[in-house]
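Here the structure is laid out as structure tokens; the discussion comes afterwards.
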Amino acid sequence: MDSLLADIRYALRALRRTPAFAAAAIACLAIGIGANATMFGVVDALLFRPPAHVIDARSVYNFKTTRVLPGVGQNTQLEMTYPDYLDLRDHTSSFAATAAYADQELTFGRGADAQQVRAHMVTASFFPLLGVHAATGRLFTADEDKVGNAQVAVLDYGFWQRRFGGERTAIGSQIRLANEMYTVIGVAPKGFTGVGLSSSDVWLPLSAAASNNIMSPEWLTSRGFFFLKSIARVKPGVALAQAAGDATRAHRAGRLQAAGPREDPKSNVSLGSIIGVGADEEGSSADLKVSISLAAVAAVVLLIACANVANLLLTRALRRQREIAIRLALGVSRTRLVRQLVTESVILAVTGGVTGLLVAHWGGGVIRRFLLPGISALDTPLDTRVLLFTLAATLITGLLCGLAPALQGSRPDLTSSLKAGAREGTFARSRLRSALIAGQVALTLVLLVGAGLFVRSLQNVRGADLGFDVDKLLLASVDLSGGGGGKSQINEFYRRAQERIAALPGVASVSQVVTVPFQSMIAVQLYIPGRDSLPRSLGNPLMNPVTSEYFQTTGTRLVRGRAFTAAERATSAYVVVINEALAKLYWPGQNPVGTCLKIGQGRNSTAASLPCSEIIGIARNTTSQELREKPVPQYYVPMPTDAKWGLRALFVRAKGDPALQVAVIRKSLQELGSDLPFANVRPLAELLDPQVRPWRLGAMMFGIFGSVALVLAIVGLYGVLAYTVAQRTQEIGVRIALGAQGDDVVRLVVGEGIRVAVIGVAVGAVAALAAGRAIRSLLFDVSATDPVVFSLTAIALVCVAAGASYLPARRAARVDPAVALRSE
């Protein structure tokens with residue numbers, strides 16, 4: 084212990100004598116360790132950390148249904164209908180408990196004080212299944228989760244603190260949600276987010292929510308509304324494959340019994356762990372893959388930082404050769420000397436690690452606010468797990484950085500070192516430093532290629548043809564459920580709202596819709612007269628009731644036929660517009676315009692009893708749920724003036740920037756009634772944002788890490804060449820004395836830098852090709868071996884290396900041969 088303390092004191096004195104060296108090394112390590120601590124916190128939350136307050140989370144699973152969409156192929160989704168959930172709950176034996184949940188944005192309060200809150204509607208079994216207890220008050224009972232029963236609510240802990248100041252008087256108070264009064268019966272525990280990553284503001288009983296007009300009661304009986312997610316706790320001793328088979332059998336039997344022999348039962352139910360994956364978050368799977376890739380990138384940045392610091396330490400050790408030789412000559416053992424040199428490295432790493440925690444704290448906040456917003460699991464970027472990881476990374480980094488330079492620096496030739504003058508390096512040691520720089524260049528190329536591929540993907544995503552003009556559209560809605568006027572009140576409000584908004588100077592056109600891309604969908608069974616069967620599978624084509632202005636508003640082009648007219652909407656005419664995918668599926672190679680299509684209108688409807696809807700047009704395919712999806716068959720029907728759909732929205736096409744019209748449209752809607760709930764108006768692009776987020780996250784973080792790596796590589800290359808020039812001062816002086824010109828010396832030094840860079844680029848290109856396979860699934864319409872990205876990155880990196888080599892080269896060209904020859 085005494086010798087260790089002596090080594091620490093000596094190392095601190097030595098570092099204090101060279102503050103520039105210490106600052107450079109600490110900065111490199113802080114960046115590397117901080118980046119790794121930041122990404123570990125993100126990946127830990129997304130992948131490894133179980134949901135807060137959940138008991139034995141490893142036995143709780145999400146149900147995932149693989150359906151075969153007509154004309155599309157397999158589609159895996161979490162959403163199912165309520166009857167599907169009942170099949171799993173009542174007709175399986177592998178689960179100790181099952182539960183279901185759905186989330187929806189609701190209006191809290193009325194008038195000027197109204198705000199939008201996120202509500203989780205859950206079955207009464209949800210909290211007991213997870214083993215969760217209330218922080219104060221109580222949770223739902225089974226009787227309260229029944230249609231028509233008491234309207235009760237459980238508050239999120241954070242919402243309770245913000246809105247009620249954490250007062251216990253909130254229990255028993257009345258709150259207004261979606262125009263209905265609810266009694267607060269309890270508060271969820273602090274940090275509880277269910278089985279996802281984002282918290283809710285309020286928790287409501289699922290069945291009661293349907294009867295209170297938050298949803299439609301039909302949602303609890305129809306197999307056409309896919310809005311529900313389900314979880315289950317597997318019984319002890321039951322294998323996962325056995326439980327999945329049990330669930331698949333029950334699901335197929337229920338669907339087949341409800342739909343009859345026309346239903347293709349080729350669906351499968353699988354089980355996915357709830358630990359860390361945030362299964363109820365849009366885009367979370369891609370977020371997870373990108374975050375894992377970024378964690379690997381952060382590790383690469385740390386390797387580059389280690390190589391840089393190792394180069395600095397190696398240079399420092401070479402400069403201290405005479406000191407080390409004297410200490411060895413005086414009897415210091417090599418073991419003690421190596422330990423002392425490694426101690427210096429560890430002290431640098433510890434200081435860099437502490438500084439890196441500040442980087443992680445700041446970096447975690449940036450990621451949370453800008454790149455992964457709304458994920459409550461990232462609210463605390465520094466916790467015990469991150470601190471332990473940082474400690475381990477710091478110690479390993481200190482050993483990696485210091486061990487090789489310490490071992491090499493502790494083996495000098497005593498005779499030559501004690502005689503050494505200005506020149507202290509040898510070709511072998513210079514080759515080691517060059518190898519480290521080449522490695523940095525190679526790793527930097529990998530990161531820059533990754534950044535280039537993600538940037539290209541982001542450009543392709545933003546330029547993707549969705550079939551409608553997402554950048555020009557706004558989505559406006561007002562939660563009128565439970566207002567007392569029923570459907571007639573909702574129809575009248577949206578008629579007035581459409582007319583009022585259409586008259587605004589910044590608005591081009593307005594249309595009413597029932598389903599919204601990336602948010603909701605309705606599937607209804609179809610029939611074609613004269614055909615006993617249709618080429619279909621589980622899942623009917625999607626239906627969207629719209630007003631006659633829909634195609635003009637969204638910019639969805641008709642490829643054949645015409646759109647609806649206002650008169651057809653007013654008279655509830657039986658006409659329909661189908662999309663290209665539906666036309667190709669049911670009428671391949673034919674023109675279906677003018678033919679008859681029958682649309683199911685209920686569980687007991689038959690083809691013979693249904694009216695014939697004439698196909699009057701064919702619209703382009705539009706993206707409905709996933710950016711990567713194949714065209715999904717869907718059709719549009721005119722929304723009647725007495726529409727039965729309570730959930731409604733307005734598509735608004737702005738003449739200019741849609742964001743500039745948000746406040747104007749919201750004000751116009753609020754002015755339609757003094758006691759209206761919150762008017763939610765936002766750009767439609769916000770619904771697409773969760774799916775764009777992985778590419779934006781990848782492009783930004785790969786770009787940041789690649790830039791950091793590039794700076795580290797430039798600094799390392801400059802440092803090595805600057806030291807090499809200093810070591811070769813006499814040689815350069817002799818060259819100049821023998822007639823070499825300044826340009827010759829510049830070419831000599833710059834050529835050495837370019838040679839090292841080219842070697843690094845060659846190695847990095849091979850590594851980038853291998854790494855491209857790992858991120859291939861994350862790219863959008865760009866090859867992982869894109870020649871443009873590879874060539875531009877390689878050329879840019881070599882040019883930057885040449886620029887970094889130029890300053891030492893100019894210094895070498897100014898060497899005075901007389902002074903250089905006298906320096907020995």
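The numbering used here applies: residue 84 is where the sequence shown begins, and numbers increase by one. C-beta: ideal position from N, C-alpha, C; glycine also. Quick caveat: nothing in here was measured; it's all calculated off a predicted structure.
Please state whether DSSP places residue i in a helix, a strand or coil.
i      : result
SER176 : coil
VAL203 : Residue 203 is actually His in this sequence, not Val. Looking at HIS203 - three-state DSSP - the assignment turns out to be strand.
PHE275 : coil
ALA762 : strand
THR705 : coil
LEU625 : strand
SER620 : Note on SER620: pLDDT 44, under 50, position unreliable in the model; the coordinate value appears next. Three-state DSSP puts SER620 in coil, outside helix and strand.
LEU354 : strand
TYR93  : helix
PRO133 : coil
VAL40  : Nothing can be reported for residue 40: it is not among the residues displayed for the chain, which extend from 84 to 907.
ALA505 : Confidence is the limiting factor: at ALA505 the pLDDT is only 41, short of 50, which leaves the residue's position unreliable and the question unanswerable from this model.
VAL215 : coil
ILE109 : helix
TYR577 : helix
PRO714 : coil
PRO891 : helix
ALA253 : helix
TRP670 : coil
Any idea if residue i is buried or exposed, counting beta-carbon neighbours within 10 angstroms, 16 or more meaning buried?
i      : result
ASP85  : exposed
ALA742 : exposed
THR705 : buried
SER594 : buried
TYR93  : exposed
TRP445 : exposed
LEU674 : The question names Leu, but residue 674 in the sequence shown is Asn. With fewer than 16 other Cβ atoms within 10 Å, it is exposed.
MET122 : buried
GLU582 : exposed
PHE785 : buried
GLN257 : exposed
ASP827 : exposed
ARG652 : buried
LEU189 : buried
PHE873 : buried
CYS882 : exposed
LEU413 : exposed
LEU909 : One cannot answer for residue 909 here, as it falls past the ends of the chain, which runs 84 to 907.
GLY677 : exposed
LYS713 : exposed
CYS695 : exposed
For residue i, write down the residues that DSSP places opposite it in a beta bridge.
i      : result
GLU188 : ARG201
LEU558 : PHE734 and ARG765
TYR265 : ILE258
CYS679 : GLU697
GLU220 : Here residue 220 is Gly; the residue named in the question, Glu, does not match the sequence. Bridge partners of GLY220: GLY269.
VAL590 : ALA737
TYR144 : ALA315 and SER356
ILE858 : According to DSSP, ILE858 bridges with nothing at all.
GLY644 : GLY700
LEU541 : According to DSSP, which records beta bridges pairwise, LEU541 is partnered with nothing at all.
Tell me, to the nearest whole angstrom, how far the beta carbon of residue i is from that of residue j; I am working on the premise that it is less than 8 Å.
i      : j      : result
LEU354 : ALA183 : No, LEU354 and ALA183 are not in contact; Cβ-Cβ is about 15 Å, not under 8 Å.
ASP228 : ALA207 : 4 Å
GLY439 : LEU112 : 7 Å
SER707 : MET604 : 6 Å
ASP239 : ASP186 : Contact doesn't hold; Cβ gap of about 12 Å is too wide.
VAL839 : LEU800 : 7 Å
ALA271 : VAL237 : 6 Å
Next item on the list: Evaluate contact between the stretch 94–105 and the stretch 474–481, counting only Cβ atoms and requiring at least three cross-stretch pairs below 8 Å.
Entry: no
Checklist line | Three-pair Cβ contact test at 8 Å for the stretch 310–325 versus the stretch 129–147 | finding: yes
Margin query: Could you check whether the stretch 646–661 touches the stretch 709–726, counting it as contact only if at least three pairs of C-beta atoms, one from each stretch, sit closer than 8 Å?
Written below: Contact holds: three or more Cβ-Cβ distances are below 8 Å.
Next item on the list: Spell out a yes or no on whether the stretch 850–865 and the stretch 884–903 are touching, meaning 3 or more CB-CB pairs, one atom from each, closer than 8 Å.
Entry: no
Notebook entry, point to check: Would you call the stretch 273–288 and the stretch 196–206 touching, i.e. three or more CB-CB distances under 8 Å?
Noted result: yes
Note to self: Quick test of the definition: if touching needs 3 or more C-beta pairs under 8 Å, does the stretch 629–644 touch the stretch 541–552?
What the structure shows: The stretch 629–644 is in contact with the stretch 541–552.
Next item on the list: State whether the stretch 165–181 contacts the stretch 125–137, with contact taken as three or more CB pairs (one from each stretch) at a distance under 8 Å.
Entry: Flag = no, the stretch 165–181 and the stretch 125–137 do not touch.
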